[in-house]
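K.L.:
Number of protein chains: 2
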Amino acid sequence: MKVVKFGGSSLASSTQLNKVLNIVKSDAQRKIIVVSAPGKRSADDEKVTDLLIDYADAFLANLDYQEIQDRIIQRYEAIAYELELGETIIGDIRQGILGLAEETESSQDAARVMDRFKASGEDNNAKLVATYFKKNGLNARYMNPQEAGMIVSDEPGNALILANSYSQILKLRDTDEILVIPGFFGYTKDGDICTFSRGGSDITGSIIAAGTHADLYENFTDVDAIYAAHPGLVKHPHKIKELTFREMRELSYAGFGVFHDEALIPAFRAGIEVVIKNTNNPSAPGTRILLDRQLGDEGVIGIAGDSGFAIFYMSKYLMNREIGFGRKVLEILEDESLNYEHMPSGIDDISIILREHQLTSEVEDRLINRFKEELHVDEIYVNHNLSMIAIVGEGMKSNVGTAAKSTNALSAAGVNLEMINQGSSEVSILFGIKSCHEDIAIKALYKTFFN
Amino acid sequence: MKVVKFGGSSLASSTQLNKVLNIVKSDAQRKIIVVSAPGKRSADDEKVTDLLIDYADAFLANLDYQEIQDRIIQRYEAIAYELELGETIIGDIRQGILGLAEETESSQDAARVMDRFKASGEDNNAKLVATYFKKNGLNARYMNPQEAGMIVSDEPGNALILANSYSQILKLRDTDEILVIPGFFGYTKDGDICTFSRGGSDITGSIIAAGTHADLYENFTDVDAIYAAHPGLVKHPHKIKELTFREMRELSYAGFGVFHDEALIPAFRAGIEVVIKNTNNPSAPGTRILLDRQLGDEGVIGIAGDSGFAIFYMSKYLMNREIGFGRKVLEILEDESLNYEHMPSGIDDISIILREHQLTSEVEDRLINRFKEELHVDEIYVNHNLSMIAIVGEGMKSNVGTAAKSTNALSAAGVNLEMINQGSSEVSILFGIKSCHEDIAIKALYKTFFN
Chain S
393 MKVVKFGGSS LASSTQLNKV LNIVKSDAQR KIIVVSAPGK RSADDEKVTD LLIDYADAFL
453 ANLDYQEIQD RIIQRYEAIA YELELGETII GDIRQGILGL AEETESSQDA ARVMDRFKAS
513 GEDNNAKLVA TYFKKNGLNA RYMNPQEAGM IVSDEPGNAL ILANSYSQIL KLRDTDEILV
573 IPGFFGYTKD GDICTFSRGG SDITGSIIAA GTHADLYENF TDVDAIYAAH PGLVKHPHKI
633 KELTFREMRE LSYAGFGVFH DEALIPAFRA GIEVVIKNTN NPSAPGTRIL LDRQLGDEGV
693 IGIAGDSGFA IFYMSKYLMN REIGFGRKVL EILEDESLNY EHMPSGIDDI SIILREHQLT
753 SEVEDRLINR FKEELHVDEI YVNHNLSMIA IVGEGMKSNV GTAAKSTNAL SAAGVNLEMI
813 NQGSSEVSIL FGIKSCHEDI AIKALYKTFF N
Chain E
393 MKVVKFGGSS LASSTQLNKV LNIVKSDAQR KIIVVSAPGK RSADDEKVTD LLIDYADAFL
453 ANLDYQEIQD RIIQRYEAIA YELELGETII GDIRQGILGL AEETESSQDA ARVMDRFKAS
513 GEDNNAKLVA TYFKKNGLNA RYMNPQEAGM IVSDEPGNAL ILANSYSQIL KLRDTDEILV
573 IPGFFGYTKD GDICTFSRGG SDITGSIIAA GTHADLYENF TDVDAIYAAH PGLVKHPHKI
633 KELTFREMRE LSYAGFGVFH DEALIPAFRA GIEVVIKNTN NPSAPGTRIL LDRQLGDEGV
693 IGIAGDSGFA IFYMSKYLMN REIGFGRKVL EILEDESLNY EHMPSGIDDI SIILREHQLT
753 SEVEDRLINR FKEELHVDEI YVNHNLSMIA IVGEGMKSNV GTAAKSTNAL SAAGVNLEMI
813 NQGSSEVSIL FGIKSCHEDI AIKALYKTFF N
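Structure, rendered in structure tokens:
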């Protein structure tokens, strides 16, 4: 039995839904279908979920929301008309959208209101997709998450599946029908809707795959595979056939954007195999994500980069004799609610690498002053506009020379290394470089390891 | 005006003292001479300071100490007789050594007793050296540290110079006489002797050089220079002409053993230039240690290595989302009174590199349990027998390719890299490797950067 999740781009239009239908029809094991809300039909289109957020904002602010209701309904109508689904489903969806405003107490908690509105994107789409499947001969029905057993904690926008939900979800395994379940939300014990935080439909699919002990969790998106480097930088990059969860985590660090890696935790912990596939090219094998994999000769299986880092450099004579210095640095960061990525330390120096978006110039000045006044550093300065590049691979551990090959490649490309971090992770080496060199760096590394 | 310090090997025998005399005679600016106790005359000889420690231990334990008194006195006698210094100084020294036991209350605090005994090594030697200088036509005299202004905190074995001592020390600048001052100890305000902790006579020399605003602080030892790599590993290693304080610190990390780098803090902070010279070859230029230096083409000026490290590796899914994880790791280390050297962190991994001597198997097991129970890590293991290798140089910052050259060299030599740490320090790159590869690694790096 396979659990299959389709993302927004796979459900954005009738053309896409037709592909989805064929995918489900082509494999009788595809029994539980988790769906997102309709995504963008083109680059400048709007996601239905974003429209629903605008709708909720307008409702909460007592502004006029009729125009936005129309826009939302029209998105579903366009699909439903093209697929000739008939008036009933269109009427249901229209009533569902209008009903959000009609049936919500304006006094209700804003976060809860937001969750109800947002969830309706997936919910209505699941009904639409189920109708479409049935119309085309599949023994399919819509199943509400509450019925499916998706009982979650009462934390709007940040729900967690409750541990004892899994026994209910297990019962879905024996379904004769194809179940179309909306992703992204669950119900509290009291029957309130709460959405998951990030990568919502991915989380639902992952939970259901884990709960039903699925043989496979197929995550359909709009790329053939996870690539060894970003297709925007490298022409026709190598498609990764298999990744371990660890490797995927390291690559996601730099935001491949295929899906949210954290969403896979439930599948990971239950040992469910995951495969990433392309709705637009379903016969392509995709990328399998496993707990472990057979290692080949390759050391490096992927390269990822991300910009937007800053580095605070500090030195103090005899720093390494000061017990607790590093701990005090981290306490100051924590006190300022700042996350740090890395903290390479030397004898008399320490550097902190952070994501720049956390730093206003006010925060930055305050941090510098605190390090001076509370830790009495001799010297401190900040470099902005840094990128982190990760080369990733379980096989790197046994491959003497990966560090040499990569530093060589970067050096030959004229890229100066602000930071090298090898040793913390078994499956990656991290380089810090100036962001203006990010593209060159990734291309140089790709060429070294894949050509 | 120059402050000159002579270490134990330079004062171990009459032959050595003759060289010292000639060094002081050859430059009229050499006005303040700081001396250690007599050192080893040969590899299997004993240092006078170690004999004095044995003497103190015996005294405190009420054991017989006559034999050890004789051994100590005989060391000074041998030198004094060969230099034909006459009976007066020999009698003074003999009385000084015997007097330690006679004049000390057995009830006195053990640490204070130890300090008094240890300090007599330098103290008696300064009297001997002053006598020798006078006999040979120099206008020289012994000066007690109390008279010199070396007033220190009341911390036996770990004294710190008091801030207002410096104004007293400054008066020494105008001396007409050559002053021979024993290193290693000072006096509390109450007149008790307290020794410095490490590199004792180096600290005295450094303090006096700083206090007198000396033009130069000459540190005479038994090597021509600080070498670019350990002479035990590399034949005739390059002699470093100039080092910055920062570079010297990084090289000392791996225990070059020439002198105690921390001892130079007072000179460093006062901007006094320091030079390391060889008593046995005083015309060799030695190594100058400066605040800044003119950078040449060379990126790397030295390579140092040290063994005895262990690495704790830990991983936990979503570690980098857990606010405060790194801080909690450091708190546990601090709670266990453990110093850490480096803590490279990744996305889901963190490693801690520590000096192994801190870890009994009990401490190690406890640490592992605490990380499991308090931090719920998924995986944790420890690797022992690691070495850290540092390549050092102020010029490395602007030398693209140093990382590449070094990782290449190590890779070609078959050395696997457990850790690379670049970025925390501006003037060094640190490599963690298995200790069995330490020698090969240093040789390979030396060949790359110096041949």
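Line order of the protein sequences matches chains S and E.
For the first sequence, the positions run 393 to 843 when the numbering used here is used.
For the second sequence, the positions run 393 to 843 when the numbering used here is used.
Note that the Cβ used here is the ideal one computed from N, Cα and C, for glycine as well.
Note that the structure is a prediction, hence the values are computed from the model and not measured.
1) Would G815(E) pass as a contact of P736(S) if the rule is Cβ separation under 7 Å?
2) For the alpha helix (DSSP H) that contains G491(S), what are its first and last residues?
3) How would you call N761(E), buried or exposed, if buried means at least 16 neighbouring beta carbons within 10 angstroms?
4) Relative to the C-alpha of L571(E), which residue among I724(E), K432(E) and M535(E) is closest?
5) Let's see if you can read the secondary structure: which residues bound the beta strand (DSSP E) around I668(S)?
6) Take the Cβ of P537(S) as the centre, count every other Cβ of all protein chains shown within 10 Å, and call the residue buried at 16 or more, exposed below.
7) Tell me whether L492(S) is buried or exposed, calling it buried when 16 or more other Cβ atoms sit within 10 Å of its Cβ.
8) Leaving aside the five residues before and after L643(S) along the sequence, list all residues of the same chain whose C-beta is less than 6 Å from its C-beta, in chain order.
9) Looking only at C-alpha atoms, which of N843(S), I703(S), P658(S) and K631(S) sits nearest to A676(S)?
10) One question on the structure: do G513(S) and T441(S) come within less than 7 Å of each other, judged by their Cβ atoms?
11) Using a Cβ distance threshold of 8 Å, determine whether the region 592 to 601 of chain E contacts the region 746 to 762 of chain E, with at least three qualifying pairs required.
12) By the criterion of Cβ-Cβ separation under 7 Å, what are the contact partners of H734(E) in chain S?
13) Are the CB atoms of V427(S) and V544(S) nearer to each other than 7 Å?
14) Could you work out which residue in D436(S), L562(S), Y579(S) and A795(S) is closest to V692(S) when comparing CA atoms only?
15) Are any of the Cβ atoms in chain E nearer than 7 Å to that of G793(S)?
16) Would you kindly check if the distance between the Cβ of I585(E) and the Cβ of H507(E) is under 7 Å?
17) What are the boundary residues of the beta strand (DSSP E) that includes T613(E)?
18) Compare the C-beta of A796(S) with all C-beta atoms of chain E and state if any pair is closer than 7 Å.
19) Could you tell me how far apart the beta carbons of E569(S) and N531(S) are, in whole angstroms, since I believe they sit closer than 8 Å?
20) Touching or not, the region 611 to 619 of chain E and the region 556 to 564 of chain E, by the rule of three or more beta carbon pairs under 8 Å?
21) A712(S) versus chain E: which residues are under 8 Å apart at the beta carbon?
22) Please determine, among L635(S), K839(S), S434(S) and G400(S), the residue with the shortest C-alpha to C-alpha distance to A804(S).
23) Check whether the Cβ atoms of M780(E) and F660(E) lie closer than 7 Å to each other.
24) Mind reading off the beta-carbon distance from K826(S) to L778(S)? Whole number of angstroms is fine, and I expect it under 8 Å.
25) Roughly how many angstroms lie between the CA atoms of E726(E) and L710(S), to the nearest whole one?
26) Just checking: is the beta-carbon of G718(S) within a distance shorter than 7 Å of some beta-carbon in chain E?
27) What is the DSSP secondary structure of Q814(E), reduced to helix, strand or coil?
28) Please list the terminal residues of the continuous beta strand (DSSP E) segment that includes P574(E).
29) Could you give the residue range of the alpha helix (DSSP H) that holds Y619(S)?
30) Would you say S598(S) faces chain E, with C-beta separation under 7 Å as the test?
31) Is F701(S) helix, strand or coil when you go by DSSP?
32) Any idea what DSSP makes of H749(E), helix, strand or coil?
33) For L564(E), which of helix, strand or coil comes out of DSSP?
34) Return yes when the Cβ of R638(S) is within less than 7 Å of the Cβ of D653(S), no when it is not.
35) With burial defined as no fewer than 16 other Cβ atoms inside 10 Å of the residue's Cβ, what is the status of Y609(E): buried or exposed?
36) For my contact list, G738(S) and S820(E) are in at a C-beta cut-off of 8 Å; report their separation, rounded to the angstrom.
P.N.:
Working from what's here:
1) What you label residue 815(E) is simply residue 423 of the second sequence in a count that begins at 1. What you label residue 736(S) is simply residue 344 of the first sequence in a count that begins at 1. Yes, the Cβ-Cβ distance between G815(E) and P736(S) is below 7 Å.
2) Your numbering for residue 491(S) matches position 99 in the first sequence. That run of the alpha helix (DSSP H) goes E479 to E494.
3) Here the question's residue 761(E) lines up with position 369 in the second sequence. The residue in question, N761(E), is exposed, as its Cβ has fewer than 16 Cβ neighbours within 10 Å.
4) Within the second sequence, numbered from 1, the residue matching residue 571(E) stands at position 179. Of the listed residues, the one whose Cα sits closest to L571(E) is M535(E).
5) In the first sequence, counting from the first residue as 1, residue 668(S) sits at position 276. Run containing I668(S): V666 to N670, per the beta strand (DSSP E) assignment.
6) Position 145 of the first sequence, counted from the first residue, corresponds to residue 537(S). The residue is buried, with at least 16 neighbouring Cβ atoms inside 10 Å.
7) In the first sequence, residue 492(S) corresponds to position 100, counting from 1. It is buried - the Cβ of L492(S) has at least 16 other Cβ atoms within 10 Å.
8) Numbered from 1 along the first sequence, position 251 holds the residue referred to as residue 643(S). Taken in chain order, the residues that qualify are G694, A696 and V784.
9) Against the first sequence, residue 676(S) aligns to sequence position 284. Cα-wise, what sits closest to A676(S) is K631(S).
10) For the purposes of this step, residue 513(S) is taken as residue 121 along the first sequence, with counting starting at 1. For the purposes of this step, residue 441(S) is taken as residue 49 along the first sequence, with counting starting at 1. In this structure, T441(S) lies closer than 7 Å to G513(S) by Cβ.
11) no
12) Taking the first residue of the second sequence as 1, we reach residue 734(E) at position 342. S737, listed in chain order.
13) Working through the first sequence from its first residue, we reach residue 427(S) at position 35. Working through the first sequence from its first residue, we reach residue 544(S) at position 152. Cβ distance not < 7 Å, so V427(S) and V544(S) don't count as in contact.
14) Along the first sequence, one-based indexing puts residue 692(S) at 300. Nearest C-alpha to V692(S): A795(S).
15) Looking up residue 793(S) in the first sequence gives position 401. Closer than 7 Å: yes.
16) Here the question's residue 507(E) lines up with position 115 in the second sequence. Here the question's residue 585(E) lines up with position 193 in the second sequence. According to the sequence provided, residue 507(E) is Asp. The question's His does not apply to it. The answer is yes: Cβ separation under 7 Å.
17) For the purposes of this step, residue 613(E) is taken as residue 221 along the second sequence, with counting starting at 1. Per DSSP, T613(E) belongs to the beta strand (DSSP E) from L608 to T613.
18) For the purposes of this step, residue 796(S) is taken as the residue at position 404 of the first sequence. Yes, because at least one Cβ of chain E sits closer than 7 Å to the Cβ of A796(S).
19) Counted from its first residue, the first sequence places residue 569(S) at position 177. Counted from its first residue, the first sequence places residue 531(S) at position 139. 5 Å between Cβ atoms; contact.
20) no
21) Mapped onto the first sequence, residue 712(S) falls at position 320. In the sequence on display, residue 712(S) carries Asn and not Ala. By Cβ distance, chain E contributes N731 and E733.
22) On the first sequence, position 412 is the one that residue 804(S) refers to. Residue K839(S) is the option with its Cα nearest to A804(S).
23) As a working note, residue 780(E) is residue 388 in the second sequence. As a working note, residue 660(E) is residue 268 in the second sequence. No.
24) Position 434 of the first sequence, counted from the first residue, corresponds to residue 826(S). Position 386 of the first sequence, counted from the first residue, corresponds to residue 778(S). Confirmed, Cβ separation roughly 6 Å.
25) By one-based count along the second sequence, residue 726(E) stands at place 334. By one-based count along the first sequence, residue 710(S) stands at place 318. Distance between the alpha carbons of E726(E) and L710(S) is about 17 Å.
26) By 1-based counting over the first sequence, the position of residue 718(S) is 326. Yes, G718(S) lies at the interface with chain E (some Cβ there is under 7 Å from its Cβ).
27) Walking along the second sequence from the start, residue 814(E) turns up at place 422. Three-state DSSP puts Q814(E) in a strand.
28) As a working mapping, residue 574(E) is identified with position 182 in the second sequence. Unbroken beta strand (DSSP E) run through P574(E): I570 to P574.
29) For the purposes of this step, residue 619(S) is identified with residue 227 of the first sequence, where counting begins at 1. Here Y619(S) belongs to no alpha helix (DSSP H), and DSSP marks it neither H nor E.
30) Against the first sequence, residue 598(S) aligns to sequence position 206. With 7 Å as the cut-off, S598(S) does not count as an interface residue toward chain E.
31) For the purposes of this step, residue 701(S) is taken as residue 309 along the first sequence, with counting starting at 1. Residue state, collapsed to three classes: strand.
32) As a working mapping, residue 749(E) is identified with position 357 in the second sequence. Helix, per DSSP.
33) Counted from its first residue, the second sequence places residue 564(E) at position 172. The answer is helix: DSSP assigns L564(E) an H, G or I state.
34) Start at 1 with the first residue of the first sequence, and residue 653(S) comes out as number 261. Start at 1 with the first residue of the first sequence, and residue 638(S) comes out as number 246. Against a cut-off of 7 Å, the Cβ pair of R638(S) and D653(S) comes out as no contact.
35) Taking the first residue of the second sequence as position 1, residue 609(E) is located at position 217. Answer is buried; the Cβ neighbour count reaches 16.
36) Start at 1 with the first residue of the first sequence, and residue 738(S) comes out as number 346. Start at 1 with the first residue of the second sequence, and residue 820(E) comes out as number 428. The Cβ separation is near 6 Å, so the contact holds.
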